[in-house]
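**Q** Take the sequence shown: its letter number 3 is residue 3 in UniProt numbering, and every next letter is one higher.
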Amino acid sequence: MANNNFYIQYHNADKLQCFPTKNVDFNSLVSDITLNDTIKEDSWIYTTKKKTVEKSIGNRCFLIVGKTENKIKNYYLWCHFEILDYEDTPHEVIVKGNGHDLKHPILLNNLPEFDDFKKFCGNFGIGFQNISNHNFSQTLYSYINEIKLNHKLLDRKIFLEKEIHQLNNIILSNETEKKCR
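#1: Considering just the uninterrupted stretch of the beta strand (DSSP E) at Val93, what are its terminal residues?
#2: Based on Cα-Cα distance, which residue from Leu84, Trp78, Lys71 and Ile57 lies nearest to Val65?
#3: In angstroms, rounded to a whole number, what distance separates the CA positions of Tyr86 and Ser43?
#4: Compute the Euclidean distance between the alpha carbons of Tyr46 and Asp88, then round it to the nearest angstrom.
#5: At the level of alpha carbons, what is the spacing between Glu92 and Thr48?
#6: Below 8 Å CB to CB, which residues in the same chain sit around Lys50 once its five sequence neighbours on both sides are set aside?
#7: State the Cα-Cα distance for the pair Gln9 and Cys121, rounded to the nearest angstrom.
#8: Which two residues bound the contiguous beta strand (DSSP E) that contains Ser43?
#9: Buried or exposed: where does Gln129 fall if 16 or more other Cβ atoms within 10 Å of its Cβ makes it buried?
#10: Pull up the DSSP beta-bridge partners for Asp88, would you.
#11: List the residues that DSSP assigns as beta-bridge partners of Lys51.
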């Protein structure tokens with residue numbers, strides 16, 4: 001990451017009547033949703049803050065989703081991505097990058113410092129903004145690091161299983177050759 005700055009964008013699911021990920025049933029409870037968490041290059045967010053976007057290139061953005069469930073406004077860490085580029089259109093700036101949805105979005109409401117963070121972000125009314133000066137940005141980043149570690153461990157496990165399978169095939173092949181002699 002270039003500058004280790006963190007940004008957020010807020011997605012008000014109630015107002016927009018949809019989740020940011022396509023083909024997810026808006027009437028579902030977020031706790032019942034399982035998202036595809038494969039890494040992808042995509043257009044992640046839309047904003048009108050071109051100058052802030054220009055400064056954000058090479059840094060990480062977290063998308064926070066607000067959704068009222070059982071009469072309570074819940075806030076979730078939905079996805080994250082590295083900001084690589086943007087497209088300036090007549091009505092908005094489309095921010096692009098590499099990242100992924102979280103398989104299970106993380107409820108933020110009860111985390112330490114979340115209420116203070118929400119105030120810092122103008123109750124998420126400010127839109128796309130730099131959050132590096134708030135300690136909660138490190139809390140968000142810690143979840144991403146944990147997820148990356150889990151992905152690396154899974155990738156390593158898959159790699160080792162393939163290697164063991166190949167070695168086993170070599171051994172079996174050698175034993176077959178010895179028997180045929």
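The beta carbon of each residue, even a glycine, is placed where N, CA and C say it ideally should be.
Note that this is a predicted model, so its numbers are computed, not measured.
**A** The answer reads as follows:
#1: Val93 to Leu107
#2: Trp78
#3: 8 Å
#4: 10 Å
#5: 5 Å
#6: Tyr86, Asp88 and Val93
#7: 10 Å
#8: Lys40 to Thr47
#9: buried
#10: Val93
#11: Looking at the DSSP assignment, Lys51 forms no beta bridge with any residue, so it has no partner.
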